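In the working numbering, the protein residues as written are 547 to 1445.
For each residue, glycine too, the CB sits at the ideal point set by N, CA and C.
Everything numeric in this text was worked out from a predicted model, so none of it was measured.
First up is the structure itself, then whatever we jot down about it.
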Ligand SMILES: [Zn+2]
């Protein structure tokens, strides 16, 4: 079928209704079979092949779902029977109506639609590009679905619309071409990739799904949550747990408390179909549950965000490599168990075998979807209705902390080690008074007032919700709720909607259970973050509404533009001032500096731009784009401020690419900061102050202890293209440290984040570790453990580094460094900017032993010669999400460039 651009209907009937008798096989197309040793098809080849299949087969049409970060088309193949292709728009409509469950209000209507519709199943590949199996199996899967005439495929095509989605085109070409650059197959290796396989995020491209800051995520979110609403989505990964071939669902605990209980039971259903098929086909070595560390706690991965949208998200992790590998002998994987019913013998393993396993897994899912088509369609409606119902009445979500409250109400201690620590009968009355306390009801909705200090950031937040399919309303007139009046333009997110679990998850704190290997033992690390509440990370002010409410609200159809700012005062004004509270103020400054305007940072935190010839016109443009309002300065001029100079900003990176550095590139580009990327050899070469005013060292740039060898190991291959050779190098105390010291002493600014704050110790500054015992050893994890979570810090907002921030700010914290400063810190040039103030800083996630943080310093500045070293312990730019702490970075940059 003819390719269709994104957004256009894909309804054109095929020229012929007869099933294609003959389509080109991968071997005919590429000259090798998919999975042959030492071979990989590139994305460019995949594109040409899919276009050909599209022309040859009336079962398939190829759709461009949007551009990638590097400008490629991201292809999705829609595969179903020719009959279904002719009514694709109708099938899409049915899938959407059942998933959103808004206008389908009766069970009878839902059952009728389910009977008419087809299941929609998403199968992807290639997200993590160095996991080459994913994209290769996708090519073979598509080929088999368009060419097979067996009964099972026919049933699948009749009952299922398959969305075969390539998840990372850029990375696929990078990795495949890297592997194939060696002519001798025996020399081919996936090692030593020179840069990230997603332009900004690399492996973290699977950590972006609720934010959708990356182009590919935004493309896929649109297909998932706004166009196709698949009931099942299957996300392919590599590699399998050692001693096995594959991990497949179901998953281990912890559960997540906000999504529908049909999610875990459906994961069991689909998982059982997969495992049963493997055993029946004589394919051993597939493990599940505690066979690996994957859980369903976290929102934010491609596979996990779907749970919060009532979709069944599958993950497999499968071994495989175009270069044959060994399955080692692991005695602990030989005894069968419920986690691994059919162990595998150690052996040499070829890529083709991994392809066969992937096909088995895909077939199991598609066959189940075909046979239980109506049930999957009906159940997604059921979940959507449940969500709408719960959002429209008083309802409660059960969290571990509430059981702790209960225990306290019974006179017990408030710190059980795990919710399972509770046993025995409790008085029924406590259920009603504690667990059904009206104050603990789930919100009916949230209001984001348009008069909050950084409303443009609230818009960015709401746009992330919209990209994830959430329904948002905007007030067309002022209104009052719960005794508070809100201006027109305020935003409203109600929870009576199908994707309520996602709404709750973006606004409410995550309450991760205390999860230990055994009572008193070490913690079980969460698979990813323990807490991530996006509203907190972004510093968005949202009022929780516990009662039914309404107002002059209109539904927002698509992503919102930032409301334009104003330029006020006489056109002849000599200067204009603007506020520091919005992140967008920095975009405005960067545009003004680029245009050659004179911008000052005033002592009270505001900015002032001197009016030159074209300034006023420029301000009007900038106010429209950024929402920043400029006010003409009247009366006597305010105290002179520091003059901002055009940025000479360097950002550290390393050979292979650092993800924290990559995300920083994205943040800097979003806010239009000019920057240059520097690698260890450029740092070692010195003369840094001649080129830069500010150097950013993200997590991973500086070793936490010791001297050299950090940053990147030397590539093993001698065959590194010229353009990447100057990137090879590592931090060392002998060569890098003296250059950093010279840069600082000469007046430079170094901004360190996370682990790289250890530079303070390397420089011999009197900065101590708050999280150490009396002997200086790090606290053991059974006493203190804070995996990725959101904590609250007190901020000295009078300090220029914290201008525009709030006195209480939420920071993203991941076992991050926390400092102590000596009593004579001020005299020694050390200043605390943010610190933990109290024994319970946890806002969202898990913070075991959090009282140990009390009084610890989170952010500090140190004078070094005439320069400044800034220590950001928390991850203030983590995955480009915590917009609420970006200003720390921006202030640090501007301060380094100010005179
Ligand atoms: Zn992966």
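Meets three-Cβ-pair contact criterion under 8 Å: the region 1013-1027 and the region 1097-1115:
yes
DSSP has residue 859 in a bridge; who is on the other side?
779
At the level of alpha carbons, what is the spacing between residue 965 and residue 1059?
Any reading at residue 965 must be qualified, since the residue scores a pLDDT of 49, below 50, and its modelled position is unreliable; the value itself is stated next. Computed Cα separation, rounded: 7 Å.
Classify residue 1136 as buried or exposed, calling it buried when 16 or more other Cβ atoms lie within 10 Å of its own Cβ.
buried
Going by the DSSP bridge assignment, what does residue 613 pair with across the sheet?
619
Among 997, 1152 and 1215, which has the Cα closest to the Cα of residue 1189?
1152
Candidates 601, 900, 932 and 619: closest to residue 653 by CA position:
932
Since residue 742 contacts residue 1208 with CB under 8 Å, what's their CB separation in whole angstroms?
5 Å
Which residues in the same chain have their Cβ closer than 6 Å to the Cβ of residue 1256, if we skip the five residues on either side of it in sequence?
Here the model assigns residue 1256 a pLDDT of 46, short of 50, so the residue's position is not dependable and the matter cannot be decided.
Tell me, please, whether the region 1222-1231 touches the region 1306-1319 by the rule of three or more beta-carbon pairs shorter than 8 Å.
no
Secondary structure at residue 680, three-state DSSP: helix, strand or coil?
helix
Which residue comes first and which comes last in the alpha helix (DSSP H) that contains residue 602?
589-602
Quick check: the Cα distance between residue 748 and residue 589, rounded to an integer number of angstroms?
17 Å
Less than 7 Å between the CB of residue 714 and some heavy atom of ligand 1, yes or no?
no
Could you have a look at residue 1087 and say whether DSSP puts it in helix, strand or coil?
coil
According to the Cβ coordinates, are residue 865 and residue 895 closer than 8 Å?
yes
Measure the C-alpha to C-alpha separation of residue 597 and residue 1107 and round it to an integer number of angstroms.
36 Å
To the nearest angstrom, how far is the alpha carbon of residue 1401 from that of residue 1162?
47 Å
Are three or more beta carbon pairs between the region 906-924 and the region 695-709 nearer than 8 Å?
yes
Assuming residue 679 and residue 752 are in contact, meaning their beta carbons sit under 8 Å apart, how far apart are those beta carbons, in whole angstroms?
That belief does not hold up - the Cβ atoms of residue 679 and residue 752 are roughly 15 Å apart, past 8 Å.
Does DSSP put residue 631 in a helix, a strand or coil?
helix
Quickly, what does DSSP pair residue 873 with across the bridge? List them, please.
893
Please list, in chain order, all residues of the same chain as residue 796 whose beta carbon is under 7 Å from its beta carbon, the five residues on each side excluded.
813, 814, 817, 834 and 835
Just reading off the beta strand (DSSP E) that residue 888 is part of, what are its end residues?
It is not in any beta strand (DSSP E) - residue 888 carries neither H nor E in the DSSP assignment.
DSSP state of residue 984, grouped into three classes?
helix
So what's residue 1437 in DSSP terms, helix, strand or just coil?
helix
Which first and last residues belong to the beta strand (DSSP E) in which residue 1298 is found?
1295-1299
Do you know offhand how far residue 1095's Cα is from residue 988's?
14 Å
Local Cβ density within 10 Å of residue 562, reported as buried at 16 or more and exposed below that
With a pLDDT of only 42 at residue 562, under the threshold of 50, the placement of this residue in the model should not be trusted; the figure read from the coordinates follows. Exposed, by the Cβ-count rule.
Per-residue burial, residue 1423 [other beta carbons within 10 Å of its own, 16 or more giving buried]
buried
Classify residue 691 as helix, strand or coil using the three-state DSSP reduction.
helix
Separation of residue 868 from residue 911, as counted between CA atoms
25 Å
Ordered along the chain, which non-local residues of its own chain (more than five positions away) have a Cβ less than 6 Å from that of residue 578?
585
Heavy atom of ligand 1 within 7 Å of residue 1048 beta-carbon
no
Any idea which residues DSSP pairs residue 625 with across the strands?
606 and 708
Classify residue 752 as helix, strand or coil using the three-state DSSP reduction.
helix
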